[in-house]
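Asker: This is the structure, below, for whatever I ask next.
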Amino acid sequence: MREILHIQGGQCGNQIGAKFWEVICGEHGVDATGRYSGASAQQLERINVYYNEAGGGRYVPRAVLMDLEPGTMESIRAGPFGGIFRPDNFRRFSVL
């Protein structure tokens, strides 16, 4: 089985990454809560390439979101698909 870890960093990377996950969720029939709500068995094929299946039938993106400032990541968390990410996958770094 193939698994992809999606790493997105910085303001631009996180904004593009957020849109990427909206598209991937649509393709696989995953709603904004991480639950499968699709209509085709084909949508579940290879869903584990991008997602880990968590308890309760939720699909969680295999992703790490990084930035130096919290603003972009906070807007992703508050956005329509922010609830699908694990909170500990948001990483903020500081410049020394």
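Heads up, the sequence shown is in our numbering, so the first residue is -11 and it goes up one at a time.
Built from N, CA and C at the ideal position, the CB exists for glycine as well.
Computed from a prediction, not measured in an experiment: that's the story for all the values here.
(1) Excluding the 5 residues preceding and the 5 following residue 93 in the sequence, name in chain order all residues of the same chain whose CB lies nearer than 6 Å to its CB.
(2) Give me the DSSP bridge partner(s) of residue 39.
(3) Which value, in whole angstroms, describes the spacing of the CA atoms of residue 19 and residue 84?
(4) So, for residue -4: in the same chain, excluding its five sequence neighbours on each side, which residues have a beta-carbon less than 6 Å away from its beta-carbon?
(5) For residue -9, which option in 49, 13, 27 and 23 has the closest C-alpha, if you only look at C-alpha atoms?
Answerer: In short:
(1) Lying before the first or after the last residue shown, residue 93 is absent from the chain, which here runs from -11 to 84.
(2) As a first step, residue 39 is located in the sequence shown; it is residue number 51 there, counting from the start. Residue 39 pairs with 49.
(3) What you label residue 19 is simply residue 31 of the sequence shown in a count that begins at 1. What you label residue 84 is simply residue 96 of the sequence shown in a count that begins at 1. One C-alpha to the other measures close to 39 Å.
(4) Position 8 of the sequence shown holds residue -4. Counting only Cβ-Cβ distances below 6 Å, and skipping sequence neighbours, we find 2, 5 and 53.
(5) Taking the sequence shown and counting its residues from 1, one reaches residue -9 at position 3. Of the listed residues, the one whose Cα sits closest to residue -9 is 49.
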